[in-house]
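Colleague: Just dropping this structure here.
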Amino acid sequence: MTKTYKIAAVNGDGIGHEIVPLGLEVMQAAASQFGFTLDVTHFPFGAGYYQQHGDFMPADGLDSLKKFDAIYFGAVGLPAVDDTLPAKLYTFKVRTHFRQYVNYRPVKLLAGIDSPLRNKTQQDIDFVVIRENNEGEFVQNGKILYPDSPHGLATDTSVFTRQGIEQIAHYSFRLARKRRGKVTNVTKSNTLINTLAYWDKVIAEVAEQYPDVAYTKMYVDAAAANFVLRPEIFDVVLTTNMIGDILSDLGGAIMGSLGYGPSGNINPEREFPSMFEPIHGSAPDIAGKGIANPIGQIWSGALLLEHLGETAAAEAILKAINTATASGLRTADVGGKASTSEVAKAIIEALPVYETH
Ligand code: NAI
Ligand code: MG
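Written out as structure tokens, the structure reads:
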């Protein structure tokens with residue numbers, strides 16, 4: 023009997039409506055090639071839904087998503103909607119309720135792509151940013167007081183817990199064992215002397231349990247420079263929610279475009295579905311034009327299949343992506359003329375022995 027996985031698809035907004043359906047086509051092509059089935063249900067959640075219904079998802083939205091094996095997501099946010107809402111009412115809500123405490127973000131130069139870093143090759147740009155995804159700077163724990171008065175005041179208090187730090191550290195060290203055996207903790211404990219000093223202390227304790235993994239600590243300002251000057255020194259970059267958010271866009275940039283970056287919001291214990299999305303947002307400036315780069319979205323589909331245990335299908339998609347990029351096919355963000363769907367089609371055609379019907 024063929025295995026069937028239940029996938030919740032959330033386009034979100036903007037280019038999500040263009041790249042999520044194409045990403046699903048690629049996953050379906052791989053599924054039929056590798057002998058499993060994807061049973062996909064679409065949910066119209068996002069800022070567009072908010073404009074009609076006053077919330078990013080209905081009250082039972084999380085209960086609906088919970089029943090799936092995985093969530094395939096684009097991005098949420100529209101210029102006409104208050105931009106403090108998308109994270110609060112959708113992205114962070116899903117990530118925290120489903121204990122997706124790992125944000126897994128590969129930074130890997132694809133075949134044939136010129137990195138903006140002159141002289142850096144595929145060997146040099148190949149690491150993973152592991153962003154703590156449930157706490158830290160992004161817990162939205164604060165307030166704004168008297169905003170329009172001369173005494174206006176605003177706070178956002180970070181939260182770091184021993185359990186939260188330990189679990190992301192263990193994940194990172196275990197991952198390093200499967201890669202090149204190196205963890206770099208990117209921190210800023212010289213100035214955030216409470217939260218990040220504690221973060222460093224707990225990570226150093228965990229590091230002692232992995233004597234076979236090389237452990238180093240680096241401040242984020244230096245790390246930002248090293249992403250550009252010496253990306254080859256990184257293997258697993260373990261970092262906080264906000265630092266990881268910022269550094270992974272820089273990671274996308276050194277891969278040539280934000281449009282290439284994939285990610286998984288992972289609940290390693292599998293108590294809840296994990297959610298897979300590109301690192302970029304809804305790109306309203308290019309939405310509806312058919313020119314968005316679909317590769318970060320498609321690669322996120324490969325990460326989803328890998329998480330479900332369909333490793334061969336995941337590897338085939340990544341290989342097909344590389345075949346497409348090696349052929350010179352480029353969307354406008356990397357100076358090309360190819361449309362979103364042309365790139366997706368080339369990837370489907372490059373899947374080994376896949377036959378179109
Ligand atoms: P963005 O990532 O959407 O766009 C930044 C720039 O990169 C834009 O010029 C855009 O055209 C370009 N870009 C992004 N993805 C691309 C792709 N696949 N192909 C070609 N070009 C691409 O970030 P921005 O503009 O800061 O935010 C736009 C909206 O997205 C906001 O409402 C924001 O809140 C939301 N957002 C949502 C996220 C999520 O749902 N996880 C993550 C980041 C932003
Ligand atoms: Mg981001």
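Quick note, in the working numbering, the sequence shown goes up one by one and the last residue is 379. Even for Gly, the Cβ is constructed at its ideal location relative to N, Cα and C.
List the residues that DSSP assigns as beta-bridge partners of Asn207.
Modeller: In DSSP, Asn207 forms a bridge with Lys239 and Leu260.
Colleague: Give the DSSP-derived three-state secondary structure of Met49 in the structure shown.
Modeller: Helix.
Colleague: Hey, would you say the C-beta of Val124 is under 6 Å away from at least one heavy atom of the ligand NAI?
Modeller: Every heavy atom of the ligand NAI is 6 Å or more from the Cβ of Val124, so no.
Colleague: If I measure Cβ to Cβ from His379 and keep anything under 6 Å in the same chain, skipping five residues before and after, which residues do I get?
Modeller: With a pLDDT of 46 at His379, under the threshold of 50, the modelled position of that residue is not reliable, and no figure is offered here.
Colleague: Whose C-beta lies closer than 8 Å to the C-beta of Gln73 among residues of the same chain, with five residues either side of it excluded?
Modeller: Contacts found: Leu100, Ala102 and Val103.
Colleague: Any idea which residues DSSP pairs Lys223 with across the strands?
Modeller: For Lys223, which the question treats as bridged, DSSP gives no partner whatsoever.
Colleague: So, are the CB atoms of Val151 and Gly266 less than 7 Å apart?
Modeller: Yes; because the gap between Cβ atoms is below 7 Å, this pair is in contact.
Colleague: Excluding the five sequence neighbours on either side, which residues of its own chain have a C-beta within less than 8 Å of the C-beta of Met277, listed in chain order?
Modeller: Taken in chain order, the residues that qualify are Val129, Lys130, Leu131, Leu132, Ile135, Ser137, Ile147 and Gly283.
Colleague: Output the distance between the C-alpha atoms of Asp355 and Ala305, rounded to the nearest integer angstrom.
Modeller: Those two C-alpha atoms are separated by around 11 Å.
Colleague: Can you check whether the CB of Val258 is closer than 7 Å to the CB of Ser194?
Modeller: Closer than 7 Å, so yes.
Colleague: What's the call for Asp85, buried or exposed, on a 16-neighbour Cβ count within 10 Å?
Modeller: Classification for Asp85: exposed.
Colleague: Apart from the five residues just before and just after Gly70, which ones in its own chain have a Cβ nearer than 6 Å to its Cβ?
Modeller: Asp35, listed in sequence order.
Colleague: With the cut-off set at 7 Å, would you say Val32 and Phe95 are in Cβ contact?
Modeller: Against a cut-off of 7 Å, the Cβ pair of Phe95 and Val32 comes out as a contact.
Colleague: Just to confirm, does Leu351 get its C-beta within under 6 Å of one of the non-hydrogen atoms of the ligand NAI?
Modeller: For the ligand NAI, not one heavy atom lies less than 6 Å from the Cβ of Leu351.
Colleague: Within the present structure, is the beta-carbon of Ser304 separated from the nearest heavy atom of the ligand NAI by less than 6 Å?
Modeller: Ser304: yes, Cβ under 6 Å from the ligand NAI.
Colleague: For Tyr376 and Pro253, what's the separation of their Cα atoms in angstroms?
Modeller: In this predicted model, Tyr376 has a pLDDT of only 46, less than 50, meaning its place in the structure is not dependable; the value taken from the coordinates is given anyway. Distance between the alpha carbons of Tyr376 and Pro253 is about 35 Å.
Colleague: Indicate the three-state DSSP secondary structure (helix, strand or coil) for Asn289 in the structure shown.
Modeller: Correct three-state label for Asn289: coil.
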